[in-house]
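Which chain is which? The protein sequence lines are A and B, in order.
Final position of the first sequence in the numbering used here is 226; the numbers increase by one with none missing.
Final position of the second sequence in the numbering used here is 200; the numbers increase by one with none missing.
Every residue gets a Cβ at the ideal spot worked out from N, C-alpha and C, and that includes glycine.
Small disclaimer: the values here were computed from a predicted structure and weren't measured.
Worksheet: the structure to be examined is printed underneath.
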Amino acid sequence: MKRKSRFARSQRMTIASGILFIVVIIIILQLWLFTATMNAYLGGDTAILWPAAIASLVCLGLNGGLLWYLYGLEK
Amino acid sequence: MDEEFEQLTVPPDGRSPAEQPRWRQDFPIDWPQDEYLSRREFIKFLLLTSAAFSAGQLWFLVANFLRQREAAATAQVIARVDDVPVGGSLIFKYPAEDSPARLLVRVDENNFVAYEQQCTHLTCPVIPHVDVGELHCPCHEGVFDLLTGRPLAGPPRRPLALVTLEIREGNVVATGIEKRTV
Numbered sequence: 152m153k154r155k156s157r158f159a160r161s162q163r164m165t166i167a168s169g170i171l172f173i174v175v176i177i178i179i180l181q182l183w184l185f186t187a188t189m190n191a192y193l194g195g196d197t198a199i200l201w202p203a204a205i206a207s208l209v210c211l212g213l214n215g216g217l218l219w220y221l222y223g224l225e226k
Numbered sequence: 019m020d021e022e023f024e025q026l027t028v029p030p031d032g033r034s035p036a037e038q039p040r041w042r043q044d045f046p047i048d049w050p051q052d053e054y055l056s057r058r059e060f061i062k063f064l065l066l067t068s069a070a071f072s073a074g075q076l077w078f079l080v081a082n083f084l085r086q087r088e089a090a091a092t093a094q095v096i097a098r099v100d101d102v103p104v105g106g107s108l109i110f111k112y113p114a115e116d117s118p119a120r121l122l123v124r125v126d127e128n129n130f131v132a133y134e135q136q137c138t139h140l141t142c143p144v145i146p147h148v149d150v151g152e153l154h155c156p157c158h159e160g161v162f163d164l165l166t167g168r169p170l171a172g173p174p175r176r177p178l179a180l181v182t183l184e185i186r187e188g189n190v191v192a193t194g195i196e197k198r199t200v
C-alpha cells in the first residue's frame, strides 16, 4: 500500500518551486566561480584553484541534497 | 486535503471530472502533477549542469598539475641587439620550438619588451604599433600598452603574458615567462 506523503500536492509544488529557485541561484554562483577561476588560471594565478574546486563541489552537494530531499517528499 | 482528492485528476477548468467532456474523461491529464514533475525533472537537469561546472573546476586542477610538470623556462638567446632596429619587432618561439609565438619589440635604443603574441581575448596575434606605444589586436579591436602589456581598450581583460628579458654581451636573452591577471 502506497504511503501518503506528509505534504499535500499543492504544498509539494510550492516546495519544488522554492528548491528550483535555490538551485538556480547556486548554479549562477557556480558559473561565476568557474569564469573567475578560468581567468585566474589563464593568468597564472593557481592559488585559487583548490578553494574554488572545493566550493564548486560543495555547491554540487547542496544541489544534490535538495533534489534528494524533493524525491524524499514523494515517499 | 485527503488522499482521495490527491489521486484525482484536476481538470484545467476546475470543474469536477464528471462534468468534463468525454474525451477528457477518456484521456485525463493531471496538470498539477504534470507541472510538479516538470519542475522536478528540470531540477534534475540543473543538477547535471552543476556537475558539469564542478567537473570543469576539477579539470583546472588537472591542467594545472600537467602544466607544473612541464620543464621550467630556461635562459635562451633570442637575437642580437643589433638585429632589431629601434621600433622594430621580432617573432620567436620560447621556451621550446613548439611553444606559442612570442613578440620581441625594441621600444628605444636601450629597451626591449617581449610578450606572448596571442591576444588574451581570443588568441589572435597582436601587432605592435611602436609609434603610439600600443599593441593592437585586429580581430576585435583590442589594444594593449606596449610598455606593460596591460589592456587599454577592447574586449581583453588580462594583460599579455610577459617574457622577462636580459641583455647579455650584446644578446637579448629570454629568462622566463610571467603570466598575469592584472
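Quiz item: Which bits of chain B does A:Y192 rub up against, with CB to CB less than 8 Å?
Solution: Along the first sequence, read from residue 1 onward, the residue named residue 192 of chain A stands at position 41. Residues of chain B passing the Cβ test: F78, A81 and N82.
Quiz prompt | 8 Å Cβ shell around A:T165 - same chain, five flanking residues per side excluded | solution = Looking up residue 165 of chain A in the first sequence gives position 14. Correct list: empty, nothing qualifies.
Exercise. Determine, using beta carbons only, whether B:V144 and B:C137 come nearer to each other than 9 Å.
Key: Within the second sequence, residue 144 of chain B is the residue found at index 126, counting from 1. Within the second sequence, residue 137 of chain B is the residue found at index 119, counting from 1. In this structure, B:C137 lies closer than 9 Å to B:V144 by Cβ.
Practice problem: Determine which residues share a DSSP beta bridge with B:A192 and list them. | Solution: Position 174 of the second sequence, counted from the first residue, corresponds to residue 192 of chain B. In DSSP, B:A192 forms a bridge with B:Q94 and B:L183.
Self-check item: For B:E187, the nearest candidate out of B:A97, B:L178 and B:L79 (CA to CA)
Solution: Mapped onto the second sequence, residue 187 of chain B falls at position 169. Sorting B:A97, B:L178 and B:L79 by C-alpha distance to the C-alpha of B:E187 places B:A97 at the top.
Practice problem: Just confirm the distance between the C-beta atoms of B:V104 and B:R85, as a whole number of angstroms; I'd bet it's less than 8 Å. | Solution: If you number the second sequence from 1, residue 104 of chain B lands on position 86. If you number the second sequence from 1, residue 85 of chain B lands on position 67. Actually they are not in contact, since the Cβ atoms of B:V104 and B:R85 sit about 36 Å apart, beyond 8 Å.
Exercise. Look at the Cβ atom of A:L224, then the Cβ atom of A:F172, and state whether they are nearer than 9 Å.
Key: For the purposes of this step, residue 224 of chain A is identified with residue 73 of the first sequence, where counting begins at 1. For the purposes of this step, residue 172 of chain A is identified with residue 21 of the first sequence, where counting begins at 1. By the CB criterion at 9 Å, A:L224 and A:F172 fall outside the cutoff.
Quiz prompt | B:E115 to B:I109 span [Cα, whole Å] | solution = The count along the second sequence starts at 1 and reaches residue 115 of chain B at position 97. The count along the second sequence starts at 1 and reaches residue 109 of chain B at position 91. Taking the straight line joining both Cα atoms gives about 12 Å.
Self-check item: Cutoff 9 Å: B:F162 Cβ touching any chain A Cβ
Solution: Residue numbering aside, residue 162 of chain B sits at position 144 when the second sequence is read from its first letter. It does not: the Cβ of B:F162 has no partner Cβ on chain A nearer than 9 Å.
Exercise. Kindly indicate if chain A contains any beta-carbon less than 9 Å away from that of B:Y112.
Key: For the purposes of this step, residue 112 of chain B is taken as residue 94 along the second sequence, with counting starting at 1. With its beta carbon at least 9 Å from every one in chain A, B:Y112 lies outside the interface.
Quiz item: Thinking C-alpha only, which one of B:L180, B:C157, B:L183 and B:T182 is nearest B:A171?
Solution: By one-based count along the second sequence, residue 171 of chain B stands at place 153. Ranking the options by Cα distance to B:A171, first place goes to B:C157.
Practice problem: Name the two residues that bound the continuous alpha helix (DSSP H) containing B:P39. | Solution: As a working note, residue 39 of chain B is residue 21 in the second sequence. Here B:P39 belongs to no alpha helix (DSSP H), and DSSP marks it neither H nor E.
Practice problem: Mind checking which residues open and close the beta strand (DSSP E) that includes B:C155? | Solution: Mapped onto the second sequence, residue 155 of chain B falls at position 137. B:C155: member of the beta strand (DSSP E) spanning E152 to C155, first to last residue.
Exercise. Return the residues of the region 59-75 of chain B that lie within a Cβ-Cβ distance of less than 8 Å from chain A, sorted by chain order.
Key: The residues in question are F60, I61, K62, L64, L65, T67, S68, A69, F71, S72, G74 and Q75.
Quiz item: What residues match up with B:K197 in a beta bridge as DSSP calls it?
Solution: On the second sequence, position 179 is the one that residue 197 of chain B refers to. Answer by DSSP bridge pairing: none, since B:K197 is not bridged.
Self-check item: Beta-carbon spacing of B:S107, A:S207 below 9 Å
Solution: Taking the first residue of the second sequence as 1, we reach residue 107 of chain B at position 89. Taking the first residue of the first sequence as 1, we reach residue 207 of chain A at position 56. Contact flag unset, no.
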